[in-house]
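Visitor: One structure is given below, represented as structure tokens, and several questions about it will come after.
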Ligand code: TXA
Ligand code: MG
């Protein structure tokens with residue numbers, strides 16, 4: 001299959017530019033498109049024949065459910081059995097935006113979309129291209145992140161093509177995404193809403209809006225307890241892992257620099273890389289040093305993280321050392337992704 005590339009980066013003629021993309025979705029094909037979090041790989045989420053193509057293109061395990069994307073609140077009504085009060089409040093506060101809510105599914109949502117679950121995840125993205133596409137398609141758009149299963153989520157159209165060129169019908173280039181980490185997922189089916197995946201919308205922001213919120217015990221500790229199974233099926237898989245062996249060094253930044261340089265010296269003959277920050281990057285001696293921004297600026301770290309992990313692969317890094325970051329608020333979502341990338345290889349300095 002030839003993957004068609006459509007450039008909508010100038011933001012002009014978006015509606016016209018989406019004509020073909022809409023036809024592809026309506027006829028059961030796959031279109032990758034930008035959202036404010038990461039690029040998604042979209043198909044008609046109610047089409048039992050289209051949805052399996054997503055799993056095939058990504059190499060995704062079939063028990064890992066998809067998020068349905070909508071462009072207007074009313075569209076949710078046919079997809080879920082009930083809308084709890086908290087969901088109205090959260091939608092009011094955070095939609096359109098980087099929040100996904102899990103509801104009891106209605107009968108029209110196929111089990112192929114929900115990985116066999118009785119629940120369904122729904123999100124209303126804020127990205128203009130995403131919204132226009134969903135609206136014009138006239139169906140809920142099922143869209144996981146548009147990467148091959150296991151790789152870092154794509155934050156640029158070029159990342160999508162790296163993984164899926166020739167496997168999908170079209171990719172729409174809307175430039176680099178804003179946030180760079182996937183949406184926060186909150187299960188609203190129980191008495192107390194539960195965060196299943198941390199993201200840009202933090203626990204603090206959620207509880208400010210609705211009071212009591214919990215975080216799934218299995219993701220609360222950054223290093224997982226093997227006896228606890230995450231409630232979002234996708235959170236149990238190895239993810240975001242670069243090809244090189246990666247270790248995170250946590251602690252005082254000066255000591256971290258010193259130890260990473262000692263380890264770099266010991267790794268002679270191998271291509272070494274450091275995931276660094278603006279404050280520290282000039283001190284490292286590794287072959288490749290990438291800064292994800294200032295240590296003080298979580299949003300910049302979130303924005304650059306996946307691109308940096310992909311760059312390590314592009315440059316053939318064999319051993320990767322990463323600094324650790326603040327673990328509060330947005331930092332918690334960043335460290336959740338980073339811990340997975342490193343396969344939970346962590347050294348406390
Ligand atoms: O920001 C995002 O959420 C992006 C963009 C494209 O919207 N999408 C995304 O989708 O990250 P994906 O498929 O890569 O991750 C969805 C996560 C998976 O961990 C999946 O297991 C979980 O959501 N999930 C989906 N439906 C669920 C459900 N009914 N119950 C629990 N977890 C669910
Ligand atoms: Mg994903």
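Numbering (the working numbering), first residue to last: 1 to 349.
Using N, Cα and C, we set each Cβ at its ideal position, and we do this for glycine too.
1. What I want to know is whether the C-beta of residue 162 ends up closer than 7 Å to one or more non-hydrogen atoms of the ligand MG.
2. Whole angstroms are fine: how far does the CA of residue 233 sit from the CA of residue 281?
3. If you count every other CB in all the chains shown that lies within 10 Å of the CB of residue 221, and 16 or more means buried, which is it?
4. Considering just the uninterrupted stretch of the beta strand (DSSP E) at residue 17, what are its terminal residues?
5. Can you find the residues in the same chain that come closer than 8 Å, C-beta to C-beta, to residue 390, ignoring five residues on each side of it along the sequence?
6. To which residues does DSSP link residue 139 through a beta bridge?
7. Among the candidates 223, 331 and 289, whose CA atom is the shortest distance from the CA of residue 345?
8. Pop quiz: residue 274 and residue 321 are said to be a contact at Cβ under 8 Å. What is the actual Cβ separation, rounded to whole angstroms?
9. I need the DSSP call for residue 79, collapsed to helix, strand or coil.
10. Pick from 30, 40, 71 and 54: whose alpha carbon is nearest that of residue 63?
11. Does residue 232 come within less than 8 Å of chain E when only Cβ atoms are used?
12. From the DSSP secondary-structure annotation, give me the bridge partner or partners of residue 235.
13. Verify the contact flag: residue 145, CB atom, against every heavy atom of the ligand MG, threshold strictly below 7 Å.
14. As an exercise, report each continuous beta strand (DSSP E) stretch of at least 3 residues that is fully enclosed by the stretch 36-62, in chain order.
15. Could you say which of 231, 177, 167 and 142 lies nearest to residue 128 if we only look at CA atoms?
16. Cβ of residue 199 within 8 Å of Cβ of residue 98?
17. On a Cα-Cα basis, can you pick out the residue from 190, 253, 30 and 186 that is closest to residue 201?
18. Is the Cβ-Cβ distance between residue 140 and residue 18 less than 8 Å?
19. Counting only the same chain and skipping the five closest in sequence on each side, list residues whose C-beta sits under 6 Å from that of residue 257.
20. Please determine, among 16, 191 and 235, the residue with the shortest C-alpha to C-alpha distance to residue 84.
21. Would you check if the distance between the CB atom of residue 124 and the CB atom of residue 71 is smaller than 8 Å?
22. Any heavy atom of the ligand MG within a distance shorter than 7 Å of the CB on residue 45?
23. Using the rule of at least 16 other Cβ atoms within 10 Å of the residue's Cβ for burial, across every protein chain shown, is residue 49 buried or exposed?
24. Checking the sheet assignment: what are the DSSP bridge partners for residue 406?
25. So, with DSSP's three-state summary, where would you put residue 223?
26. Among residues of its own chain, excluding the 5 on either side of residue 155, which ones have a beta-carbon nearer than 8 Å to its beta-carbon?
27. In chain order, what residues of the same chain lie with their CB nearer than 7 Å to the CB of residue 86, ignoring the 5 residues before and after it?
28. With which residues is residue 212 paired in a DSSP beta bridge?
29. At a cut-off of 7 Å, would you count residue 182 as near the ligand MG, judging by its Cβ distance to the nearest heavy atom?
30. If we count Cβ pairs, one from each stretch, closer than 8 Å, do we get three or more for the stretch 19-29 versus the stretch 107-119?
31. Just checking residue 153 against the ligand MG - is the residue's beta carbon closer than 7 Å to any of the ligand's heavy atoms?
32. Across which residues does DSSP place residue 273 in a beta bridge pair?
Guide: Straight from the coordinates:
1. Not under cutoff, so the answer is no.
2. Going by the C-alpha atoms only, they are around 36 Å apart.
3. Around the beta carbon of residue 221, fewer than 16 other beta carbons lie within 10 angstroms, which makes this residue exposed.
4. Not the beta strand (DSSP E): residue 17 falls in the alpha helix (DSSP H), residues 14-17.
5. Absent from the model: residue 390. The displayed extent of the chain is 1 to 349, so no value can be given.
6. Looking at the DSSP output, residue 139 bridges to nothing.
7. Of the candidates 223, 331 and 289, the one whose C-alpha sits nearest the C-alpha of residue 345 is 223.
8. Contact check for residue 274 and residue 321: beta-carbon distance about 5 Å, within the 8 Å limit, so the pair qualifies.
9. Per DSSP, reduced to three states, the secondary structure at residue 79 is coil, with no helix or strand assignment.
10. Nearest option by C-alpha distance: 54.
11. In summary, chain E is missing from the structure at hand, where a single protein chain is found.
12. In DSSP, residue 235 forms no bridge with anything.
13. Yes, the beta carbon of residue 145 sits closer than 7 Å to at least one heavy atom of the ligand MG.
14. You should have 40-44.
15. It is 177.
16. In contact: residue 199 and residue 98 (Cβ atoms closer than 8 Å).
17. For residue 201, the nearest C-alpha among the options comes from 186.
18. Not in contact: residue 140 and residue 18 (Cβ atoms no closer than 8 Å).
19. These residues qualify, in order along the chain: 280 and 283.
20. Looking at the Cα atoms, 191 is the closest of the given residues.
21. A contact, by the Cβ cut-off of 8 Å.
22. No, the ligand MG has no heavy atom inside 7 Å of this Cβ.
23. Its Cβ having fewer than 16 others within 10 Å, residue 49 is exposed.
24. No answer is possible for residue 406: the residues shown for the chain start at 1 and end at 349.
25. Coil at residue 223, not helix or strand.
26. Around residue 155: 38, 39, 176, 177, 180, 303, 306 and 307.
27. Hits under 7 Å: 188, 193 and 210.
28. In DSSP, residue 212 forms no bridge with anything.
29. Yes, the Cβ of residue 182 comes within 7 Å of a heavy atom of the ligand MG.
30. They do not touch, by the three-pair rule.
31. Within the cutoff, so yes.
32. Answer by DSSP bridge pairing, in chain order: 288 and 320.
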